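This report refers to the structure that appears directly beneath it.
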Ligand SMILES: *[C@@H]1O[C@H](CO)[C@@H](O)[C@H](O)[C@H]1NC(C)=O
Ligand SMILES: *[C@@H]1O[C@H](CO)[C@@H](O)[C@H](O)[C@H]1NC(C)=O
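Residue numbers (the UniProt record's numbering): 1 to 307.
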């Protein structure tokens, strides 16, 4: 029994979930809304939960602590020159000691871009030394560790090459992670390049989408990309960037998986293995009395959303 069955959002969802299937590769890129905390529960109220999730931080989202079939993937988001000790490693170790089912971790969110656009803005030498302190030792505990989540731009390729040089053999990711914002053809070509460069590594896409396009094109992107990712053996995990309401989306309203009232959009429902809801995402919400900051992807040192 899930207590969420009492919530209106969950009730409206129940009527839309059909027998359509989902994919075990599918994960939730969890963006908590402090304004609408019950939105968290929408993602675990379908027939099949996403099999994994991450929230840009090292500890599970409170709403999912007891959701056993959705595996938490901790992330070391960034680093600072002032970092000392191994707080990330220690946290993962103690979660494991307390029985947590952690098999993977993610590292460094968009280190090749600035804080202003959501990146962790790291020099490759700092990222190498923090990786060696915090991430590499996790492998001895049986954890599989993901390479830094660089952007899909040329700066991402350069950053990764320079990082590996800075590591001098001391950083050994078990899998690669990819972010992609752009059209379907571009994503396929980018992924082709990643899998060609790292043929022996599994690839995760931890953020992707086709931002700021019309609804039909955005849905077509979801349809084509989810189908391709499901059938591409090298790609083992993917999480679409869209688990938020359309009125606060920084990737355009049509890419969001919730409309301005918190109901699943077609893409949101398809993501969960349901059928179209016909809820059309809008840019603004009539019920808000003040404008919310649109800064969306920036996470501070404490791993908290600004809004
Ligand atoms: C996307 O797929 C759904 C079925 O899952 C279909 O109903 C819809 O027409 C498709 N949309 C586009 C634009 O391809
Ligand atoms: C990726 O795909 C290539 C070509 O199909 C294959 O040879 C390779 O084993 C795959 N790698 C992984 C990790 O699945």
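The beta-carbon is built from N, C-alpha and C at its ideal position, and this holds for glycine as well. A quick note: this is a predicted structure, and the numbers were derived from the prediction, not measured.
If contacts are defined as beta-carbon pairs under 8 Å, then residue i and residue j qualify, I think. What distance do you get, rounded to the angstrom?
i	j	result
residue 28	residue 56	So it is not a contact: roughly 12 Å between Cβ atoms.
residue 141	residue 201	About 20 Å; that fails the 8 Å criterion.
residue 25	residue 237	6 Å
residue 79	residue 126	6 Å
residue 259	residue 279	5 Å
residue 177	residue 147	6 Å
residue 69	residue 90	Wrong, their Cβ atoms sit about 27 Å apart, outside the cutoff.
residue 134	residue 120	Wrong, their Cβ atoms sit about 13 Å apart, outside the cutoff.
residue 117	residue 74	Not really, about 23 Å apart at Cβ, beyond 8 Å.
Would the beta-carbon of residue i be found less than 8 Å away from any heavy atom of ligand 2?
i	result
residue 174	no
residue 200	yes
residue 113	no
residue 195	yes
residue 254	no
residue 74	no
residue 233	yes
Could you give the residue range of the beta strand (DSSP E) that holds residue i?
i	result
residue 237	235–238
residue 107	104–109
residue 148	144–149
Can you tell me which residues form a DSSP beta bridge with residue i?
i	result
residue 208	180
residue 53	28, 72
residue 132	For residue 132, which the question treats as bridged, DSSP gives no partner whatsoever.
residue 258	245, 264
residue 279	None; residue 279 has no bridge partner.
residue 202	175
What residue range does the alpha helix (DSSP H) around residue i cover?
i	result
residue 269	266–271
residue 64	Note, residue 64: premise wrong, no alpha helix (DSSP H); not H, not E.
residue 308	Residue coverage of the chain in this structure runs from 1 to 307, which leaves residue 308 outside it and unanswerable.
residue 156	154–167
residue 223	215–231
Looking at ligand 1, does it come within less than 8 Å of residue i, judged from the CB to the closest heavy atom?
i	result
residue 228	no
residue 223	yes
residue 220	yes
residue 270	yes
residue 275	yes
residue 216	yes
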